[in-house]
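Enquirer: Dropping the structure in here first, questions after.
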Amino acid sequence: MLPRSTVALLYPGDRALRERRDPAESRFAALFEAFAHAGTPAVPAIYHDDFADEVEAQLRACALVLVWCNPVEGGRRRDRLDAMLRRAADAGVIVSAHPDAILKLGTKDVLFDTRDLPFGSEVHRIDTLDQLEAQLPVRLQGGARVLKQHRGHSGIGVWRVELADRSRSAGLLRVRHAQRGSEEETMDLPSLLARLAPYFEAANGGHLIDQAWQPRLVDGMVRAYLVEDRVAGFGHQEINALHPGAPGQPAPQPGPRLYYAQALPSFRGLQALLETRWVEMLRERVGLPRERLPLLWDCDFLFGERGPDGAERYVLCEINVSSVSPFPPSAIETLVAAVRARLPAN
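Anchor point for the sequence shown: position 158 equals 158 in the UniProt record's numbering, and the numbering is continuous, going up by one each time.
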């Protein structure tokens, strides 16, 4: 019988991986070690829809579960997993991130909901293909746009679109998918609409988010890792999936993300903004109680246009809640401490 304070780490895998249940095999080996060092029992909860009932029974014997599972994994969606996690939460298991918190923070809708906050940008919600056909050409006259599906990961369903010739609103478009390995294509508007039509199906969220392109993407993207409302580390990627190529040259391949502790001087201002104002503003805007903040999540920021005083401006690109991995080593101690603080007393 598991101790009452047992923590489960849920992540996808097959039957063989579940049978072995070896923490050392997982990408969370260092986290398992940290829990052991802190005296908190932690067990793998390898998940697959094929043995979901088995995993649910395991979770019911735990006090808290940390979940790592993408919205779509191996062609499967999270529907069954999310229903199971809601039942576990209703039974008293602490679930992080709870599926309801993911829906409030971890979809592209958060960009529309927070468009007027200090880290927001020009963002529109497109609910129909006809609306996209009518509005996109007008907006493209002002520059490139980034169209994002409701929910995804790894750049899937994120498209950069711009006019190939700014003087012709109905002319050809330059289009690039953010999914790794994609190349820029040239197509007309009807072809683009056909490509994007599936995102308007109910199963895929039923709408798109249209965000203004941030020219300073060439300066990279900053990922702030948070444990609840505290910054626990940073990641910086100089070249990401939509980084433009030099004139006449193909776009460069995405580079590695470099990880840093939260005390990194160059991002100290961003840390202060998040911890003193922005997380609270975000939480209140989406209607998420503080106790439902994920135990581990991250915010991706692009560099916006600097203010008149030269101060750096950060623009929210997306929030990751479903499967935040890898993460900087500096986050582990903070995460373990936050988990232990949420566990019921023995």
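Ideal Cβ placement from N, Cα and C applies to all residues, glycine included.
What three-state label does DSSP hand GLN237 in the structure shown?
Expert: Numbered from 1 along the sequence shown, position 237 holds the residue referred to as residue 237. In the three-state reduction of the DSSP assignment, GLN237 falls in the strand class, which pools E and B.
Enquirer: Could you give the first and the last residue of the continuous beta strand (DSSP E) run that contains PRO44?
Expert: Position 44 of the sequence shown holds residue 44. Start and end: 42 to 47.
Enquirer: Have a look at the DSSP bridge pairing and note the partners of VAL72.
Expert: Here residue 72 corresponds to residue number 72 of the sequence shown, with the count starting at 1. ARG77.
Enquirer: Are VAL145 and ALA202 touching if we call contact CB-CB under 8 angstroms?
Expert: Within the sequence shown, the letter at position 145 stands for residue 145. Within the sequence shown, the letter at position 202 stands for residue 202. With the sequence shown as reference, residue 145 is identified as Arg, and Val is not the correct amino acid for it. In this structure, ALA202 does not lie closer than 8 angstroms to ARG145 by Cβ.
Enquirer: Confirm the yes/no value for this check: CB of PRO23, any heavy atom of the ligand PLP, distance under 7 angstroms.
Expert: Summarising the ligand content, the structure contains no ligands, and the ligand PLP is consequently not present.
Enquirer: Residues in the same chain with beta-carbon distance under 6 angstroms from PHE32, minus the five sequence neighbours each way, listed in chain order, please.
Expert: Sequence index remark: in the sequence shown, residue 32 carries index 32 (1-based). For PHE32, where only same-chain residues beyond five positions count, the Cβ hits under 6 angstroms are PRO23 and ALA42.
Enquirer: Let's see if you can read the secondary structure: which residues bound the alpha helix (DSSP H) around ILE319?
Expert: Taking the first residue of the sequence shown as 1, we reach residue 319 at position 319. Looking at the DSSP string, ILE319 is not in any alpha helix (DSSP H); the run it does join, the beta strand (DSSP E), is 314 to 320.
Enquirer: Judging by CA-CA distance, which residue of HIS236, ASP298 and GLY205 is the nearest neighbour of TYR225?
Expert: Locating residue 225 in the sequence shown gives position 225, counting from the first residue. It is ASP298 whose Cα lies nearest to the Cα of TYR225.
Enquirer: Tell me which residue opens and which closes the beta strand (DSSP E) that VAL7 is part of.
Expert: For the purposes of this step, residue 7 is taken as residue 7 along the sequence shown, with counting starting at 1. Here the beta strand (DSSP E) through VAL7 covers 7 to 12.
Enquirer: Can you check whether the CB of TYR47 is closer than 8 angstroms to the CB of residue 364?
Expert: The structure shown does not extend to residue 364, since the chain is modelled only from 1 to 346, so the question has no answer here.
Enquirer: Report buried or exposed for THR114, applying the criterion of at least 16 other Cβ atoms within 10 angstroms of its Cβ.
Expert: Counted from its first residue, the sequence shown places residue 114 at position 114. Buried, by the Cβ-count rule.
Enquirer: Measure the CB-CB distance between VAL222 and PRO244 and report whether it falls below 8 angstroms.
Expert: Numbered from its first residue, the sequence shown carries residue 222 at position 222. Numbered from its first residue, the sequence shown carries residue 244 at position 244. No Cβ-Cβ contact shorter than 8 angstroms links VAL222 with PRO244.
Enquirer: Can you give me the C-alpha to C-alpha distance between ALA232 and THR334, rounded to a whole angstrom?
Expert: Counting from one through the sequence shown, the residue named residue 232 turns up at place 232. Counting from one through the sequence shown, the residue named residue 334 turns up at place 334. Going by the C-alpha atoms only, they are around 7 angstroms apart.
Enquirer: Who are the Cβ neighbours of ASP82 in its own chain at under 6 angstroms, not counting the five residues just before and after it?
Expert: Your numbering for residue 82 matches position 82 in the sequence shown. Excluding sequence neighbours, ASP82 sits near PRO99.
Enquirer: Tell me whether HIS37 sits in a helix, a strand or coil according to DSSP, three-state version.
Expert: Position 37 of the sequence shown holds residue 37. Reduced to three states, the DSSP call for HIS37 is helix.
Enquirer: According to DSSP, is ARG223 part of a helix, a strand, or is it coil?
Expert: Counted from its first residue, the sequence shown places residue 223 at position 223. If DSSP states are grouped into helix, strand and coil, ARG223 belongs with the strands.
Enquirer: ALA148: which of PRO137, ARG27, LEU132 and VAL138 sits nearest, CA to CA?
Expert: The residue labelled residue 148 in the question sits at position 148 within the sequence shown. The question names Ala, but residue 148 is Lys in the sequence shown. For the set PRO137, ARG27, LEU132 and VAL138, the Cα lying nearest the Cα of LYS148 is the one of LEU132.
Enquirer: For ALA241, count neighbouring C-beta atoms within 10 Å of its own C-beta (all shown protein chains included) and say buried if the count is 16 or more, exposed if not.
Expert: Taking the sequence shown and counting its residues from 1, one reaches residue 241 at position 241. With 16 or more other Cβ atoms within 10 Å, it is buried.
Enquirer: Is it buried or exposed, LEU258, if we count other Cβ atoms within 10 angstroms and call 16 or more buried?
Expert: Position 258 of the sequence shown, counted from the first residue, corresponds to residue 258. Classification of LEU258: exposed, given that the 10 Å Cβ count is below 16.
Enquirer: Would DSSP call ARG27 helix, strand or coil?
Expert: Locating residue 27 in the sequence shown gives position 27, where the first residue counts as 1. Correct three-state label for ARG27: coil.
Enquirer: Are there 16 or more other CB atoms within 10 angstroms of the CB of HIS207, so buried, or fewer, so exposed?
Expert: What you label residue 207 is simply residue 207 of the sequence shown in a count that begins at 1. That one is buried.
Enquirer: Within this structure, are the beta carbons of ALA331 and LEU296 separated by less than 8 angstroms?
Expert: For the purposes of this step, residue 331 is taken as residue 331 along the sequence shown, with counting starting at 1. For the purposes of this step, residue 296 is taken as residue 296 along the sequence shown, with counting starting at 1. Result yes, Cβ atoms of ALA331 and LEU296 sit closer than 8 angstroms.
Enquirer: Residue 385 to GLY171, Cα distance in whole Å?
Expert: In the structure displayed, the chain extends from 1 to 346; residue 385 sits before or after that span and is not available.
Enquirer: Using CA atoms only, rank isn't needed, just tell me which of PRO190, VAL67, ARG160 and LEU189 is closest to ARG176.
Expert: Within the sequence shown, the letter at position 176 stands for residue 176. Per the Cα distances, ARG160.
Enquirer: Identify whether SER266 lies in helix, strand or coil by the three-state DSSP scheme.
Expert: Walking along the sequence shown from the start, residue 266 turns up at place 266. Looking at SER266 - three-state DSSP - the assignment turns out to be helix.
Enquirer: What are the boundary residues of the alpha helix (DSSP H) that includes SER182?
Expert: Counting from 1 along the sequence shown, the entry for residue 182 is found at position 182. Where SER182 is concerned, there is no enclosing alpha helix (DSSP H), given that its DSSP letter is neither H nor E.
Enquirer: Using DSSP bridges, identify the partner residues of TYR260.
Expert: Mapped onto the sequence shown, residue 260 falls at position 260. Bridge partners of TYR260: PHE234.
Enquirer: Does the segment 85 to 97 come within contact of the segment 311 to 319, defined as at least 3 CB pairs closer than 8 angstroms?
Expert: no
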